[in-house]
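Peer 1: The following block contains the structure, expressed as structure tokens.
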């Protein structure tokens with residue numbers, strides 16, 4: 004999804020949640036200054052190689068993830084993890100190929116996965132500026148994303164939550180097949196705010212034709 008298509012959706016999301024576009028863009032500018040443009044281009048191409056024309060498993064962090072994976076043949080598939088799903092995967096000796104994170108997950112686990120070869124897609128938004136300052140210098144194999152207008156070395160593939168951003172990423176790079184694992188849009192144990200985010204995630208995946 005290009006930005007022209009995404010922007011009206013983004014505008015609706017920030018209005019619904021009361022988010023600040025200015026804060027999102029401030030965060031993106033900060034992230035941009037911390038990432039090397041040439042290296043970002045190299046990581047972008049590596050991500051493309053892992054996804055283009057491949058069968059991709061997108062892992063959400065719902066408790067059903069491990070159960071879902073038992074019903075999926077993992078061989079020859081690219082694994083994309085949404086932030087907190089990384090820890091669940093490491094616990095069963097799986098290292099994701101790509102991790103999409105806004106730095107809310109277990110940073111030590113994400114760093115461990117990076118050491119094992121994971122490529123990291125770090126998302127900038129108005130609520131994680133402090134985490135970007137603190138954690139981004141620890142990573143090596145990174146590209147940056149924003150919900151707002153893309154620029155220079157900051158990309159916008161579409162998406163709102165870590166989980167649906169993984170799917171937008173897979174779509175952008177031309178995955179042959181996208182399989183969802185660890186997505187529970189009806190989870191009754193989450194907060195009202197999280198439930199609202201899950202509703203948006205489901206809505207976005209319906210737009211993409213994935214659910």
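In this note's numbering, the protein residues as written are 4 to 214.
In this text, a Cβ means the ideal position worked out from N, Cα and C, and glycines have one as well.
Buried or exposed: which applies to residue 95, given that a residue is buried once 16 or more other Cβ atoms fall within 10 Å of its Cβ?
Peer 2: The residue is exposed, with fewer than 16 neighbouring Cβ atoms inside 10 Å.
Peer 1: Thinking just about the alpha-carbon of each residue, which of 173, 162, 171 and 179 is nearest to the one in residue 200?
Peer 2: Here the closest residue by C-alpha is 162.
Peer 1: So, does the segment 185 to 202 touch the segment 46 to 57, judging by three or more C-beta pairs under 8 Å?
Peer 2: No, they do not touch.
Peer 1: So, using beta-carbon positions, are residue 117 and residue 144 closer together than 7 Å?
Peer 2: Their beta carbons are under 7 Å apart, which means residue 117 touches residue 144 by this criterion.
Peer 1: Considering residue 147, what are the terminal residues of the beta strand (DSSP E) in which it resides?
Peer 2: Counting along the chain, the beta strand (DSSP E) containing residue 147 begins and ends at 145 to 149.
Peer 1: Put residue 43 into one of helix, strand or coil per three-state DSSP.
Peer 2: Reduced to three states, the DSSP call for residue 43 is helix.
Peer 1: Ignore the nearest five residues each way along the sequence and tell me which others in residue 154's own chain have a CB closer than 6 Å to its CB.
Peer 2: Correct list: empty, nothing qualifies.
Peer 1: Mapping the DSSP letters down to three states, classify residue 180 as helix, strand or coil.
Peer 2: The answer is strand: DSSP assigns residue 180 an E or B state.
Peer 1: Provide the residue(s) that pair with residue 154 in DSSP beta bridges, ordered along the chain.
Peer 2: Residue 154 is bridged to 157.
Peer 1: Relative to the C-alpha of residue 130, which candidate in 6, 172, 168 and 17 has its C-alpha closest?
Peer 2: Nearest C-alpha to residue 130: 17.
Peer 1: Does the contact criterion of 3 or more C-beta pairs under 8 Å hold for the segment 77 to 93 versus the segment 15 to 29?
Peer 2: Counting Cβ pairs under 8 Å, fewer than three are found: no touch.
Peer 1: What span of residues does the alpha helix (DSSP H) with residue 124 cover, start to end?
Peer 2: Note, residue 124: premise wrong, no alpha helix (DSSP H); beta strand (DSSP E) at 122 to 127.
Peer 1: Roughly how many angstroms separate the alpha carbons of residue 193 and residue 64, rounded to a whole number?
Peer 2: When rounded, the distance between both Cα atoms is 12 Å.
Peer 1: Bridge partners of residue 104, per DSSP?
Peer 2: The partner list for residue 104 (beta bridge, DSSP) reads 125.
Peer 1: Go ahead and pull the three-state DSSP assignment for residue 67.
Peer 2: In this structure, residue 67 counts as coil in the three-state DSSP scheme.
Peer 1: Which term fits residue 19, buried or exposed, when burial requires 16 or more other beta carbons within 10 angstroms of its beta carbon?
Peer 2: Its Cβ having fewer than 16 others within 10 Å, residue 19 is exposed.
Peer 1: How would you call residue 165, buried or exposed, if buried means at least 16 neighbouring beta carbons within 10 angstroms?
Peer 2: The residue is buried, with at least 16 neighbouring Cβ atoms inside 10 Å.
Peer 1: Thinking just about the alpha-carbon of each residue, which of 69, 74 and 73 is nearest to the one in residue 88?
Peer 2: The shortest C-alpha separation from residue 88 is found at 69.
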